Every structure is written in structure tokens, then in C-alpha cells.
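Have a look at the structure below, then the notes.
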Amino acid sequence: MVQVVKMRREVKKARVLTIRKLTRHIAKLKSKKGTEDAVLKNHKRAQRLLEEIHAMKVMLCICLEYVPYFA
């Protein structure tokens, strides 16, 4: 249980870095040019990535609620 408490910092850092990476990827997809179909496909993909980011934010809040702070 002590290891879970010690890993909390690394989990938060990994989550932040992943969200930043996905945000950069979303910006790149939205700025791409091409045919209407390609642009639409990129916007759909960006929307899915945005939903993934929101899910990660909600999931962390739920996980930290159930993990005890003191082992």
C-alpha cells in the first residue's frame, strides 16, 4: 500500500504529460489542410482525442478518491 501512495506523484506527472501530448496532437490535426473529407476526418479524430482527455481528467479524480492517503 505504501508503494501506491509513493506512486501518486508519478501518476499525476504522467497524466499531465500525456494530456499535453494529446493537446499538441489535436492542434496539429485541426490545422491540417487538404480535401474536405480529409479535414472532416481530422476534426473527428481531434474530437475523439478531446473526449479521451476529458475521460482522463474524470478518471483521476475518481481514482484519487478511493486510494487512501495514508497507508
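Just so it is clear: in the sequence shown, position 70 is 70 by our numbering, and no numbers are missing.
Note that CB positions come from ideal geometry on N, CA and C, so glycine has one too.
If you're wondering where the values come from, they're calculated on a predicted model, not measured in any experiment.
Rounded to whole angstroms, what's the CA-CA distance from M59 to K32? Just pull it up for me. Along the sequence shown, one-based indexing puts residue 59 at 59. Along the sequence shown, one-based indexing puts residue 32 at 32. Their Cα atoms are separated by approximately 30 Å.
Determine whether the beta carbon atoms of L29 and N42 lie at a separation below 7 Å. The sequence position of residue 29 within the sequence shown is 29, counting from 1. The sequence position of residue 42 within the sequence shown is 42, counting from 1. Yes, Cβ-Cβ distance for L29 and N42 is below 7 Å.
Whose C-alpha, out of A46, A55, E52, is nearest the C-alpha of A27? Here residue 27 refers to the residue found at position 27 of the sequence shown. Checked all of A46, A55, E52; the closest Cα to A27 is A46.
What would DSSP say about K44, mapped onto helix, strand or coil? Within the sequence shown, residue 44 is the residue found at index 44, counting from 1. Note: K44 maps to helix in three-state DSSP.
Below 8 Å CB to CB, which residues in the same chain sit around M56 once its five sequence neighbours on both sides are set aside? Looking up residue 56 in the sequence shown gives position 56. These residues qualify, in order along the chain: R15, T18, I19.
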